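Student:
Number of protein chains: 2
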Amino acid sequence: MLDRIPTLEDIQDCAQRIQSIIHHTPVLTCGNLDEVSGAQIFFKCENFQKIGAFKMRGASSAGTLLNDEARQKGLATHSSGNHGQAVALTAKMLGVPAYIVMPENAPSVKKNAVKGYGAQVIECESTAAGRQNMLDKVVVNTGAHFISPYNDYGVIAGQATAVVELLEEVPGLEIMITPLGGGGLMAGAALACHYLQPSIEVIGGEPKNADDGYRSFRSGKIEPLATEVTIADGLRSPLGDKTFGIIKEYVNDVVTVTEEEIIHAMRLIWERMKLVIEPSCAVPFAVVLQQPERFKDKKIGIILTGGNVDLTRLPF
Amino acid sequence: MLDRIPTLEDIQDCAQRIQSIIHHTPVLTCGNLDEVSGAQIFFKCENFQKIGAFKMRGASSAGTLLNDEARQKGLATHSSGNHGQAVALTAKMLGVPAYIVMPENAPSVKKNAVKGYGAQVIECESTAAGRQNMLDKVVVNTGAHFISPYNDYGVIAGQATAVVELLEEVPGLEIMITPLGGGGLMAGAALACHYLQPSIEVIGGEPKNADDGYRSFRSGKIEPLATEVTIADGLRSPLGDKTFGIIKEYVNDVVTVTEEEIIHAMRLIWERMKLVIEPSCAVPFAVVLQQPERFKDKKIGIILTGGNVDLTRLPF
Chain A
15 MLDRIPTLED
25 IQDCAQRIQS
35 IIHHTPVLTC
45 GNLDEVSGAQ
55 IFFKCENFQK
65 IGAFKMRGAS
75 SAGTLLNDEA
85 RQKGLATHSS
95 GNHGQAVALT
105 AKMLGVPAYI
115 VMPENAPSVK
125 KNAVKGYGAQ
135 VIECESTAAG
145 RQNMLDKVVV
155 NTGAHFISPY
165 NDYGVIAGQA
175 TAVVELLEEV
185 PGLEIMITPL
195 GGGGLMAGAA
205 LACHYLQPSI
215 EVIGGEPKNA
225 DDGYRSFRSG
235 KIEPLATEVT
245 IADGLRSPLG
255 DKTFGIIKEY
265 VNDVVTVTEE
275 EIIHAMRLIW
285 ERMKLVIEPS
295 CAVPFAVVLQ
305 QPERFKDKKI
315 GIILTGGNVD
325 LTRLPF
Chain B
15 MLDRIPTLED
25 IQDCAQRIQS
35 IIHHTPVLTC
45 GNLDEVSGAQ
55 IFFKCENFQK
65 IGAFKMRGAS
75 SAGTLLNDEA
85 RQKGLATHSS
95 GNHGQAVALT
105 AKMLGVPAYI
115 VMPENAPSVK
125 KNAVKGYGAQ
135 VIECESTAAG
145 RQNMLDKVVV
155 NTGAHFISPY
165 NDYGVIAGQA
175 TAVVELLEEV
185 PGLEIMITPL
195 GGGGLMAGAA
205 LACHYLQPSI
215 EVIGGEPKNA
225 DDGYRSFRSG
235 KIEPLATEVT
245 IADGLRSPLG
255 DKTFGIIKEY
265 VNDVVTVTEE
275 EIIHAMRLIW
285 ERMKLVIEPS
295 CAVPFAVVLQ
305 QPERFKDKKI
315 GIILTGGNVD
325 LTRLPF
């Protein structure tokens with residue numbers, strides 16, 4: 015457990031600790047998308063990360079912070095998405111049990127993905143309360159350590175390592191854009207830039223249909239999540255106190271984009287970059303396309319967060 | 015024009031000549047696909063190449079072989095696929111005209127892609143004879159230089175550079191697999207391995223539904239293309255005398271795969287590697303999956319040839 019806002023040293027320690035667990039992902043550019051956007055964009059390909067998403071960094075960071083005795087009891091979380099897979103694979107790599115709480119109506123493909131890593135899937139009612147109750151039960155019964163999908167300083171330090179790698183590989187970035195959901199990556203990115211290159215403008219991209227981050231950033235307190243549907247389902251999480259505390263301090267702006275803008279940006283990345291990315295992942299590029307004047311000729315870093323998408327249900 | 019089977023020096027000259035025109039594409043690996051296949055595979059990502067396919071190498075190689083006077087008259091070819099785009103972009107980068115002959119019933123998206131590079135599209139009847147007649151007319155009228163999609167030593171030298179880069183980046187490869195269509199890449203790969211690492215087993219992968227290469231390889235003479243349909247439409251070309259002459263000599267084996275095997279391999283690469291590839295491009299990996307005993311623990315190089323696929327018409 016890390017019980018403070020990660021320092022630069024905490025993030026560097028984390029990078030060391032997870033080095034053998036995660037992939038050092040490549041940074042790709044695309045002349046065609048630079049032309050289309052008028053900017054110069056460096057895409058950090060966390061869709062190539064283990065389990066297909068940056069979440070592997072945060073989960074392995076939190077898991078490796080535990081001492082041997084705590085690890086042996088296992089890792090637990092609630093998630094039917096990338097974080098569940100990340101915790102499951104972290105546990106597998108550490109040789110300890112994993113308990114993943116999922117709504118009973120989650121698609122079996124998601125349950126099977128987690129089971130494929132040797133984790134135990136525990137079904138719960140498909141409500142926030144049902145999920146929390148079941149997770150509490152699991153933690154009490156097993157002694158497993160709960161890893162939050164984002165509201166955990168160890169997780170935030172892990173996500174920050176993606177941005178540190180990007181800053182190291184590409185000197186002179188002027189803007190850094192990440193998607194904003196629960197805020198783990200956003201907070202990690204803000205810290206990494208603050209410590210290593212404070213002149214960078216750090217921007218969060220959010221679906222208009224899940225604009226709680228945008229509203230919170232402006233009001234200065236955590237606003238509730240709207241109930242609207244967005245194709246960027248990975249970003250439908252409320253902020254946490256730990257992530258928002260950092261975001262409030264170190265993020266420069268939050269921009270929202272429409273569903274159509276997300277799908278258009280996603281399609282361009284598929285067609286021109288030949289990369290499979292999930293909708294949430296397209297949000298930062300959608301932000302750039304939305305405001306060509308603002309980003310004209312700027313040197314921009316974007317974290318491509320993940321590529322786990324159902325190929326039989328594409329929006330185009 | 016190159017009027018002999020490319021020597022190693024010819025290929026190296028070509029690499030120099032096209033260096034500023036093409037991308038040096040990355041080599042990616044995927045732990046998950048290694049597990050699935052039992053082999054150790056290094057994927058050379060020509061789907062990231064300019065115009066989204068390795069064809070850019072061959073076209074730019076042939077184009078840059080011309081002297082200034084010849085260049086000024088322009089480049090011509092017949093192709094509604096990647097080669098047409100490659101010739102169009104080469105001409106654009108050289109600042110000369112391009113004339114691309116296409117069947118009148120070719121999808122407008124393909125015509126527009128070529129027009130987008132500033133080339134002139136000339137429509138023809140949708141038959142082999144109609145195409146040839148129109149091309150001949152264009153060449154006579156304009157004096158443009160015809161660049162064959164594959165049956166040209168300059169083109170073959172260009173395709174060989176992809177394999178040279180892969181051999182330079184990954185030492186110790188034991189097997190090299192490329193798709194086999196008209197044979198340009200296959201011939202280039204065979205030459206590159208022959209010159210630089212002759213111990214490598216060079217294998218062509220072909221759709222069962224377009225197995226003229228397989229039959230030709232076995233009979234020792236160019237066999238006609240069958241008329242069956244394959245999803246790997248990029249491989250529905252007859253061999254040429256120049257490509258087959260090299261293939262007969264330096265390729266070790268040709269393996270055919272079914273439509274189902276191609277689609278399965280394609281889907282795995284999309285899902286696990288997060289790469290958009292076209293069906294033709296999946297054929298070499300389908301070969302590996304078909305014969306697990308043969309390829310077990312082998313260190314294999316595969317050229318991912320291209321990523322130009324209609325996202326609204328996927329086979330899964």
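Protein chains in written order, with this note's numbering: chain A, 15 to 330; chain B, 15 to 330. For every residue, glycine included, the Cβ atom is placed at its ideal position computed from N, Cα and C. What you are looking at is a predicted structure, and each value in this text was computed from that prediction instead of being measured.
1. Counting Cβ pairs closer than 8 Å, one from the region 179–186 of chain A and one from the region 83–92 of chain A, do we hit at least three?
2. Can the beta-carbon of Q99 of chain A be found less than 8 Å from the beta-carbon of A127 of chain A?
3. By the 10 Å Cβ neighbour count, where 16 or more other Cβ atoms means buried, how is F258 of chain A classified, buried or exposed?
4. Quick one: complete beta strand (DSSP E) runs, 3+ long, within the region 30–77 of chain B?
5. State the CB to CB distance for the pair P298 of chain B and T192 of chain B, rounded to an integer number of angstroms; the pair is presumed to be in contact (CB under 8 Å).
6. Quick test of your reading: L253 of chain A and D225 of chain A, contact by CB under 8 Å. State the CB separation rounded to the nearest angstrom.
7. Pull up the distance between the alpha-carbon of E274 of chain B and that of C295 of chain B, whole angstroms please.
8. Determine which residues of the region 34–61 of chain B have a Cβ less than 7 Å from any Cβ of chain A, and write them out in chain order.
9. Closer than 8 Å is the cut-off here; do at least three beta carbon pairs connect the region 277–293 of chain A with the region 40–50 of chain A?
10. For the alpha helix (DSSP H) that contains P117 of chain B, what are its first and last residues?
11. Residues bridged to M287 of chain A by DSSP?
12. Near D24 of chain B, what residues of its chain come up, given a Cβ to Cβ distance below 7 Å and the 5 sequence neighbours on each side ignored?
13. Does the distance from the CB of I291 of chain A to the CB of N96 of chain A come in under 8 Å?
14. Taking all protein chains shown into account, do 16 or more other C-beta atoms lie within 10 angstroms of the C-beta of S325 of chain A, making it buried, or fewer, making it exposed?
15. Measure from the alpha carbon of Q146 of chain A to the alpha carbon of each residue in A:Y131, A:S162 and A:Q134, then state which is nearest.
16. Identify the continuous beta strand (DSSP E) that holds T270 of chain A and give its terminal residues.
17. Note down, in chain order, each residue of its chain lying with its Cβ closer than 7 Å to the Cβ of I276 of chain A, except the 5 sequence neighbours on either side.
18. Is the Cβ of L289 of chain A closer than 8 Å to any Cβ of chain B?
19. According to the neighbour-count rule (16 or more other Cβ atoms, all chains shown, within 10 Å of its Cβ), is K151 of chain B buried or exposed?
20. List the residues of chain B whose Cβ lies closer than 9 Å to the Cβ of L325 of chain A, in chain order.
21. Quick one: what's I136 of chain A bridged to in DSSP?
22. Let's see if you can read the secondary structure: which residues bound the alpha helix (DSSP H) around I261 of chain A?
23. Given a cut-off of 8 Å on the beta-carbon distance, is the pair I136 of chain A and I314 of chain A in contact?
24. Label K235 of chain A either buried or exposed according to how many other C-beta atoms from any shown protein chain fall within 10 Å of its C-beta, with 16 as the threshold for buried.
25. Run through the region 288–325 of chain A for me and flag every whole alpha helix (DSSP H) of 4 or more residues, listed as ranges in chain order.
26. If you follow the alpha helix (DSSP H) that A158 of chain B is part of, which residue opens it and which one closes it?
27. Quickly, what does DSSP pair P221 of chain A with across the bridge? List them, please.
28. Using a C-beta to C-beta distance shorter than 9 Å, which residues of chain B count as neighbours of G132 of chain A?
29. Measuring alpha carbon to alpha carbon, tell me which of B:L318, B:V302, B:I317 and B:T319 ends up nearest D311 of chain B.
30. If you compare alpha carbons, which of B:G320, B:P185 and B:I260 is closest to G198 of chain B?
31. By DSSP's criteria, L89 of chain A is part of a beta bridge. Which residues make up the other side?
32. I'd like the span of the beta strand (DSSP E) that includes I189 of chain B, first residue to last.
33. Give me the Cα-Cα distance between P212 of chain B and L205 of chain B, rounded to the nearest whole angstrom.
34. Quick one: what does DSSP say E242 of chain B is sitting in, helix, strand or coil?
35. Go ahead and label P20 of chain A buried or exposed: buried means 16 or more other beta carbons lie within 10 angstroms of its beta carbon, across all protein chains shown.
36. Per DSSP, which residues does V216 of chain B bridge with? Please list them.
Tutor: A quick look at the data gives this:
1. No: fewer than three Cβ pairs fall under 8 Å.
2. By 1-based counting over the first sequence, the position of residue 99 of chain A is 85. By 1-based counting over the first sequence, the position of residue 127 of chain A is 113. Against a cut-off of 8 Å, the Cβ pair of A127 of chain A and Q99 of chain A comes out as a contact.
3. Start at 1 with the first residue of the first sequence, and residue 258 of chain A comes out as number 244. By the C-beta density criterion, F258 of chain A is buried, having at least 16 other C-beta atoms within 10 angstroms.
4. Secondary structure in the region 30–77 of chain B: the beta strand (DSSP E) runs of 3 residues or longer, each lying completely within the stretch, are 54–59 in chain order.
5. As a first step, residue 298 of chain B is located in the second sequence; it is residue number 284 there, counting from the start. As a first step, residue 192 of chain B is located in the second sequence; it is residue number 178 there, counting from the start. Going by Cβ atoms, the distance from P298 of chain B to T192 of chain B rounds to 6 Å, so yes, they are a contact pair.
6. To locate residue 253 of chain A, count along the first sequence from 1; it is residue 239. To locate residue 225 of chain A, count along the first sequence from 1; it is residue 211. Between D225 of chain A and L253 of chain A the Cβ distance is about 12 Å, and since that is not below 8 Å, they are no contact.
7. Here residue 274 of chain B corresponds to residue number 260 of the second sequence, with the count starting at 1. Here residue 295 of chain B corresponds to residue number 281 of the second sequence, with the count starting at 1. Taking the straight line from one Cα to the other gives about 14 Å.
8. Under the 7 Å Cβ criterion, the region 34–61 of chain B contributes P40 and N61.
9. Touching, yes.
10. Stepping through the second sequence from its first residue, residue 117 of chain B is reached at position 103. Run containing P117 of chain B: none in the alpha helix (DSSP H); it sits in the beta strand (DSSP E), A112 to P117.
11. Taking the first residue of the first sequence as 1, we reach residue 287 of chain A at position 273. According to DSSP, M287 of chain A bridges with nothing at all.
12. In the second sequence, residue 24 of chain B corresponds to position 10, counting from 1. Same-chain partners within the cutoff: L16 and A171.
13. For the purposes of this step, residue 291 of chain A is taken as the residue at position 277 of the first sequence. For the purposes of this step, residue 96 of chain A is taken as the residue at position 82 of the first sequence. 8 Å or more divides the Cβ of I291 of chain A from the Cβ of N96 of chain A.
14. The residue labelled residue 325 of chain A in the question sits at position 311 within the first sequence. Position check: residue 325 of chain A holds Leu in this sequence, whereas Ser was assumed. Counting Cβ neighbours within 10 Å, L325 of chain A comes out exposed, since fewer than 16 surround it.
15. Position 132 of the first sequence, counted from the first residue, corresponds to residue 146 of chain A. For Q146 of chain A, the nearest C-alpha among the options comes from A:S162.
16. Within the first sequence, residue 270 of chain A is the residue found at index 256, counting from 1. Here the beta strand (DSSP E) through T270 of chain A covers D267 to V271.
17. As a working mapping, residue 276 of chain A is identified with position 262 in the first sequence. Cβ-Cβ distances below 7 Å link I276 of chain A to P221, I245, A246, P293, A296, V297 and A300 in the same chain, with the five nearest sequence neighbours on each side left out; the list follows chain order.
18. Walking along the first sequence from the start, residue 289 of chain A turns up at place 275. Contact with chain B is found for L289 of chain A, since one of that chain's Cβ atoms lies less than 8 Å from the residue's Cβ.
19. For the purposes of this step, residue 151 of chain B is identified with residue 137 of the second sequence, where counting begins at 1. Counting Cβ neighbours within 10 Å, K151 of chain B comes out exposed, since fewer than 16 surround it.
20. As a position in the first sequence, residue 325 of chain A is number 311, starting the count at 1. Within 9 Å Cβ-Cβ: R281, W284, E285, L328 and F330.
21. Your numbering for residue 136 of chain A matches position 122 in the first sequence. Answer is A:V115.
22. The residue given as residue 261 of chain A occupies position 247 in the first sequence. From DSSP, the alpha helix (DSSP H) with I261 of chain A extends over D255 to Y264.
23. The residue given as residue 136 of chain A occupies position 122 in the first sequence. The residue given as residue 314 of chain A occupies position 300 in the first sequence. For the 8 Å CB-CB criterion, I136 of chain A and I314 of chain A do not form a contact.
24. Your numbering for residue 235 of chain A matches position 221 in the first sequence. Classification for K235 of chain A: exposed.
25. As far as the region 288–325 of chain A is concerned, its whole alpha helix (DSSP H) runs of at least 4 residues are 297–304 and 306–309.
26. Locating residue 158 of chain B in the second sequence gives position 144, where the first residue counts as 1. Under the DSSP assignment, A158 of chain B falls outside any alpha helix (DSSP H); it carries neither an H nor an E label.
27. Mapped onto the first sequence, residue 221 of chain A falls at position 207. Beta-bridge pairing links P221 of chain A to A:V271.
28. Numbered from its first residue, the first sequence carries residue 132 of chain A at position 118. Neighbours of G132 of chain A across chain B, judged by C-beta separation under 9 Å, do not exist; the nearest C-beta is about 14 Å away.
29. Along the second sequence, read from residue 1 onward, the residue named residue 311 of chain B stands at position 297. The shortest C-alpha separation from D311 of chain B is found at B:V302.
30. Stepping through the second sequence from its first residue, residue 198 of chain B is reached at position 184. Taking only the C-alpha atoms, the option nearest G198 of chain B is B:I260.
31. As a position in the first sequence, residue 89 of chain A is number 75, starting the count at 1. Residue pairing by DSSP places L89 of chain A opposite A:A112 and A:H159 in a beta bridge.
32. Here the question's residue 189 of chain B lines up with position 175 in the second sequence. I189 to P193 is the span of the beta strand (DSSP E), which, as asked, contains I189 of chain B.
33. Taking the first residue of the second sequence as position 1, residue 212 of chain B is located at position 198. Taking the first residue of the second sequence as position 1, residue 205 of chain B is located at position 191. C-alpha separation (whole angstroms): 9 Å.
34. As a working mapping, residue 242 of chain B is identified with position 228 in the second sequence. E242 of chain B: coil per DSSP, three-state reduction.
35. Numbered from 1 along the first sequence, position 6 holds the residue referred to as residue 20 of chain A. If you draw a 10 Å sphere on the C-beta of P20 of chain A, you find 16 or more other C-beta atoms in it, and that means buried.
36. The sequence position of residue 216 of chain B within the second sequence is 202, counting from 1. For V216 of chain B, which the question treats as bridged, DSSP gives the partners B:M190.
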